[in-house]
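Per our numbering, the sequence shown starts with residue 22, numbered consecutively. Where a beta carbon is used, it is the ideal one built from N, C-alpha and C, also for glycine. Because the structure is a prediction, the values reported are computed rather than measured. The structure appears below as structure tokens.
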Amino acid sequence: AIRVTSPRVNLVAAATPLTVLDLTVPTGQVARTAFIKKVMIYNGQAADVTVEIGTALAPLVRRMPRIRCVAGFHTTLNEDELPAFRFEASITAQASAAGAGDLGVELQIEAEVVG
């Protein structure tokens with residue numbers, strides 16, 4: 022298992038999932054699984070938002086409890102605060118409201134990836 026950090030993802034459209042960590046592998050290779058160990062979110066919005074983390078893009082299939090993010094604040098959840106859900110498909114996320122640039126909802130995760 023290795024620990025990887027996802028790219029920073031700006032959730033720019035409300036209720037529109039984006040891929041945070043791609044777990045796809047070429048045909049014939051061993052499948053990858055991941056456990057999220059840390060979630061970092063910055064809510065640049067003027068209002069609180071809810072962030073959902075799961076799998077799939079259309080629609081998102083939520084795999085963890087919703088995360089409430091207070092306007093203008095950072096939210097960080099560490100491994101002891103997160104469920105030990107095994108992701109067997111790419112990790113995706115969406116926000117209840119989002120905006121571009123400084124008003125965005127930025128998300129980054131650290132995960133332990135096996136395979």
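Please report the straight-line C-alpha distance between residue i and residue j, rounded to a whole angstrom.
| i | j | result |
| --- | --- | --- |
| Val33 | Met61 | 16 Å |
| Lys59 | Val46 | 23 Å |
| Ser27 | Thr48 | 23 Å |
| Gly125 | Leu78 | 19 Å |
| Ala52 | Thr76 | 15 Å |
| Val72 | Gln50 | 32 Å |
| Arg84 | Glu102 | 15 Å |
| Glu131 | Thr113 | 13 Å |
Relative to the C-alpha of residue i, which residue among the options is closest?
| i | options | result |
| --- | --- | --- |
| Phe56 | Ala118, Glu100, Ser117 and Glu73 | Glu100 |
| Ile94 | Pro80, Val134, Arg53 and Ala68 | The sequence shown places Phe at residue 94, rather than the Ile named in the question. The candidate whose alpha carbon is nearest that of Phe94 is Ala68. |
| Arg107 | Ala116, Leu39, Gln115 and Val135 | Val135 |
| Glu109 | Gln66, Val30, Leu128 and Val82 | Val82 |
| Ala35 | Gln129, Ser117 and Val41 | Ser117 |
| Leu98 | Leu39, Tyr63 and Asp43 | Tyr63 |
What are the boundary residues of the beta strand (DSSP E) that residue i is part of?
| i | result |
| --- | --- |
| Leu32 | Val30 to Leu32 |
| Glu100 | Element bounds for Glu100: n/a, residue is neither H nor E. |
Within its chain, find whatever has a CB closer than 6 Å to the CB of residue i; leave out the 5 residues flanking it on each side and keep chain order.
| i | result |
| --- | --- |
| Glu133 | Ala22, Arg24, Phe56 and Lys58 |
Give a yes or no on whether the minimum CB-CB distance between residue i and chain D is below 7 Å.
| i | result |
| --- | --- |
| Ile74 | Judged by its chain identifiers, the structure shown contains no chain D, having just a single protein chain. |
Once the 5 residues before and after residue i are set aside, which same chain residues still bring their CB inside 8 Å of it?
| i | result |
| --- | --- |
| Ala105 | Phe56 |
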